[in-house]
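Accompanying notes for the structure given below.
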Amino acid sequence: MTIQVLALVGSLRSASVNGKLAEAAAALAPEGVEVTIYEGLADVPFYNEDLDVEGAVPAAAEALRDAAKAADALLLVTPEYNGTTPAVLNNAIDWLSRPYGAGAVKDLPAAVVSGSPSAYGAQWANADARKALGVAGAKVLEEASIAVGGRFQVFAETHPKDHEETAAELAGVLSALVGAVEPVNA
Ligand SMILES: Cc1cc2nc3c(=O)[nH]c(=O)nc-3n(C[C@H](O)[C@H](O)[C@H](O)COP(=O)(O)O)c2cc1C
1 MTIQVLALVG SLRSASVNGK LAEAAAALAP EGVEVTIYEG LADVPFYNED
51 LDVEGAVPAA AEALRDAAKA ADALLLVTPE YNGTTPAVLN NAIDWLSRPY
101 GAGAVKDLPA AVVSGSPSAY GAQWANADAR KALGVAGAKV LEEASIAVGG
151 RFQVFAETHP KDHEETAAEL AGVLSALVGA VEPVNA
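Just so you know, we're using the numbering used here here: the sequence shown kicks off at 1 and counts up by one.
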C-alpha cells in the first residue's frame, strides 16, 4: 500500500520557495510514500456557508475535499503573510473543516513546514496553521512541524531537496507523518 500525503502550498506564485520545499518533500518521499502537491487551491472560492450546500458545493472546493479524503496524511507548506498564514491556506482549511465535526481533515495526521527569508522561518504562520488544523479536527504533529528560516538565498542556487540540512529535516517530517498513519489492517 502506498501512503498518500497531500501537500497544500500557501504561496501561489510560480517561483515560490515554499513550493520548492513541497517539491523537495515529494522528491524525498521514501519508498511506499507518495507526496502529491495540490494544484487547485487558487480556484477554491472563499468559504461561504451559502455555497456549502450538500449536492451543490462548488466543484473546486469539492475537489479539494475529495483530495483530502483520499489522502492518508496532510502536509502544509506555507510562507507567512503579515504575521500569519496566507488567506489561500486558511480558506482551504475552512473548506476542509466542514461539515463541523466531520470535515475532510478529521483525524488526518498533519504537519506544517513553513518557510520565509527571515531567520524565524514563518514560525507565526506555522503556529497559526497548526492551531487552525487542530480546531478543524486534524491530528496535528506539533513536534514534527518545522520552520525553515534564513536559507532562501541558498535555495536560489540549490534546490531544497539538494540542501543537506533541509532534506534531512523534511525527511524527518515525512517519517513522522508516516508513523502517525494508522495501519489499515492493524
Ligand atoms: C503580503 C505579504 C506579506 C508578507 N509578510 C511576511 C511576514 O509577516 N513575515 C515574513 O517572514 N515574511 C513576510 N513576507 C515575505 C515572504 O516571506 C516572502 O515573500 C516569501 O518569499 C514568500 O514565500 P514564497 O517564496 O513561498 O512565495 C510577506 C510577503 C507578502 C507578499
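Note that beta-carbon positions come from the ideal geometry of N, C-alpha and C, so glycine has one too. These numbers were taken from a predicted model, which means no experiment stands behind them.
Open item on the list: Closer than 8 Å is the cut-off here; do at least three beta carbon pairs connect the stretch 75–86 with the stretch 110–124?
Closed with: yes
Open item on the list: For Lys20, count the other beta carbons within 10 Å of its own beta carbon; 16 or more makes it buried, fewer makes it exposed. Which is it?
Closed with: By one-based count along the sequence shown, residue 20 stands at place 20. Counting Cβ neighbours within 10 Å, Lys20 comes out buried, since at least 16 surround it.
TODO: Measuring alpha carbon to alpha carbon, tell me which of Ala125, Ser11, Glu31, Val17 ends up nearest Val5.
DONE: Taking the sequence shown and counting its residues from 1, the one referred to as residue 5 is at position 5. A check of alpha carbon separations from Val5 across Ala125, Ser11, Glu31, Val17 identifies Glu31 as the nearest.
Open item on the list: When you measure from the CB of Ala67 to every non-hydrogen atom of ligand 1, does any distance come out below 7 Å?
Closed with: Stepping through the sequence shown from its first residue, residue 67 is reached at position 67. Incorrect: Ala67 has no Cβ contact closer than 7 Å to ligand 1.
Open item on the list: I'd like to know if the stretch 121–131 and the stretch 163–181 are in contact, where contact means that at least 3 CB-CB pairs between them fall below 8 Å.
Closed with: no
TODO: From the DSSP output, in three-state form, read off Pro109 for me.
DONE: Counting from 1 along the sequence shown, the entry for residue 109 is found at position 109. Reduced to three states, the DSSP call for Pro109 is strand.
Open item on the list: Just list the residues that DSSP pairs Leu8 with in beta bridges.
Closed with: Indexing the sequence shown from 1 puts residue 8 at position 8. Leu8 is bridged to Leu76.
Open item on the list: Does the distance between the C-beta of Ala147 and the nearest non-hydrogen atom of ligand 3 fall short of 7 Å?
Closed with: Ligands present in the displayed structure are limited to ligand 1, and ligand 3 is not among them.
- [ ] For Tyr38, verify whether its CB is less than 7 Å away from any heavy atom of ligand 1.
- [x] The residue given as residue 38 occupies position 38 in the sequence shown. False, no ligand heavy atom lies under 7 Å from that Cβ.
Task: Close beta carbons around Ser118, own chain, < 8 Å, minus the five adjacent residues each side - done: Mapped onto the sequence shown, residue 118 falls at position 118. These residues qualify, in order along the chain: Gly149, Gly150.
- [ ] Could you have a look at Ala186 and say whether DSSP puts it in helix, strand or coil?
- [x] Within the sequence shown, numbered from 1, the residue matching residue 186 stands at position 186. With a pLDDT of only 48 at Ala186, under the threshold of 50, the placement of this residue in the model should not be trusted; the figure read from the coordinates follows. Coil at Ala186, not helix or strand.
Open item on the list: If you measure between the beta carbons of Ala42 and Val9, is that distance less than 8 Å?
Closed with: Position 42 of the sequence shown, counted from the start, is the residue given in the question as residue 42. Position 9 of the sequence shown, counted from the start, is the residue given in the question as residue 9. No.
TODO: Given a cut-off of 8 Å, decide if Val181 and Ile3 are closer than it, judged by their beta-carbon atoms.
DONE: As a first step, residue 3 must be located in the sequence shown, where it is residue number 3. As a first step, residue 181 must be located in the sequence shown, where it is residue number 181. In this structure, Val181 lies closer than 8 Å to Ile3 by Cβ.
Open item on the list: If distances are taken between C-alpha atoms only, which option among Ala71, Phe152, Ala29 comes closest to Ser16?
Closed with: Locating residue 16 in the sequence shown gives position 16, where the first residue counts as 1. The option with the nearest alpha carbon to Ser16 is Phe152.
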